Amino acid sequence: MAHRTLADVMTRDVVTVREDTTFDDIVGLLTERHVSAVPVVDGRDRVLGVVSEADLLRKLEFADTDPAALAGTPAAAVGRAARVKAAACTAAGLMTAPAVTAPAGMPVTAAARMMEAAGVKRVPVVDEGRRLVGIASRRDLLTVFLRPDNAIRHEVVRGVLETLLWIAPTEVTVDVRHGVVYLDGELDRRSLAESVVGMVRAVDGVVDVVSRLTYPLDDTGSAPGG
Numbered sequence: 001m002a003h004r005t006l007a008d009v010m011t012r013d014v015v016t017v018r019e020d021t022t023f024d025d026i027v028g029l030l031t032e033r034h035v036s037a038v039p040v041v042d043g044r045d046r047v048l049g050v051v052s053e054a055d056l057l058r059k060l061e062f063a064d065t066d067p068a069a070l071a072g073t074p075a076a077a078v079g080r081a082a083r084v085k086a087a088a089c090t091a092a093g094l095m096t097a098p099a100v101t102a103p104a105g106m107p108v109t110a111a112a113r114m115m116e117a118a119g120v121k122r123v124p125v126v127d128e129g130r131r132l133v134g135i136a137s138r139r140d141l142l143t144v145f146l147r148p149d150n151a152i153r154h155e156v157v158r159g160v161l162e163t164l165l166w167i168a169p170t171e172v173t174v175d176v177r178h179g180v181v182y183l184d185g186e187l188d189r190r191s192l193a194e195s196v197v198g199m200v201r202a203v204d205g206v207v208d209v210v211s212r213l214t215y216p217l218d219d220t221g222s223a224p225g226g
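Residue numbering for the sequence shown follows full-length UniProt numbering, starting at 1 and increasing by one per position.
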């Protein structure tokens, strides 16, 4: 069962900057291209870091702050890196580095988990040579749920039931509405019914699975769900 990867959903037309790109030019690019961050790349398009709106806002955050007044306070230790960015005038000092990147072949589901763990809203996508090939945002990942119901149903029937589990279409009725898969039918044992539900839930674009599958034999040794 194939899963969509970052290469399938990423934005390929990526605006980038170099380490010597100036603060005002970066702001101009973000405004012109309606993006919230830009990767910083070297001469071989390898990602060095990312400059986001949050990085740029440090300039305003510390605009009326006297560094001497903070010296020796807990805020000084916490805000030291932020003040460095506030004083920076080029991407080299503004960027968050090293950047969190992901390979183009990473499944969308894995990318979502990685981005959540790293606390990032977007991730530069790189090839085998760590060269930038695209960028994927949270919104890009969500496009997997725009998959048509008939495409989801086809993969459930052909890809999961027939190919992986060897279950004839006559045994299980599959209906898909707004990404929710409804399963009806009778299988010979509970473990098989649970396998069907688990594998269908992993199909790209599935929002939820409603199982009305029945079985005469409970071979799991666990209590039925109620």
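Ideal placement from N, C-alpha and C gives every residue a C-beta, glycine not left out.
If you're wondering where the values come from, they're calculated on a predicted model, not measured in any experiment.
Check your understanding: Once you ignore the five residues that flank Gly-105 on each side, which residues in its own chain have a CB closer than 6 Å to its CB?
Key -> Thr-5
Practice item. With a 10 Å radius around its C-beta and 16 neighbouring C-beta atoms as the bar for buried, classify Arg-12 as buried or exposed. Key: exposed
**Study point:** Start and end residues, alpha helix (DSSP H) containing Gly-93
**Key:** 91-94
Review point. The alpha helix (DSSP H) spanning Glu-186 covers which residue range?
Key: Taken as a continuous stretch (DSSP letters only), Glu-186 belongs to no alpha helix (DSSP H), being part of the beta strand (DSSP E) at 180-186.
Practice item. Tell whether a beta-carbon distance below 8 Å holds between Val-15 and Val-38. Key: yes
Exercise for review: Output yes or no for whether 8 Å exceeds the beta carbon distance between Val-84 and Ala-102.
Suggested key: no
Practice item. Below 7 Å CB to CB, which residues in the same chain sit around Thr-109 once its five sequence neighbours on both sides are set aside? Key: His-3
Check your understanding: How is Thr-5 classed by DSSP in three states: helix, strand or coil?
Key -> strand
Point to revise | DSSP state of Arg-212 mapped onto helix, strand, coil | key: strand
Check your understanding: CA-CA distance, Ser-52 and Ala-136?
Key -> Taking the straight line from one Cα to the other gives about 14 Å.
Check your understanding: Mapping DSSP to helix, strand and coil, what is Ile-167?
Key -> coil
Review point. If you run the structure through DSSP and keep just helix, strand and coil, what is Thr-143?
Key: Reduced to three states, the DSSP call for Thr-143 is helix.
Practice item. Mind reading off the beta-carbon distance from Ser-211 to Leu-165? Whole number of angstroms is fine, and I expect it under 8 Å. Key: Actually they are not in contact, since the Cβ atoms of Ser-211 and Leu-165 sit about 14 Å apart, beyond 8 Å.
Check your understanding: From Pro-148 to Val-41, what distance separates their C-alpha atoms?
Key -> Pro-148 and Val-41 have their C-alpha atoms spaced approximately 37 Å apart.
Check your understanding: DSSP on Arg-177, reduced to helix/strand/coil?
Key -> strand
Exercise for review: Specify the secondary structure class of Thr-21 as computed by DSSP and reduced to three states.
Suggested key: Coil.
Point to revise | Residue span of the beta strand (DSSP E) that contains Gly-159, given as start and end | key: From DSSP, Gly-159 is part of no beta strand (DSSP E); its letter is neither H nor E.
Exercise for review: Using three-state DSSP, classify Ser-195 as helix, strand or coil.
Suggested key: helix
Check your understanding: Quick one: is Gly-119 buried, meaning 16 or more other Cβ sit within 10 Å of its Cβ, or exposed?
Key -> exposed
Check your understanding: Are the Cβ atoms of Val-200 and Val-156 separated by less than 8 Å?
Key -> yes
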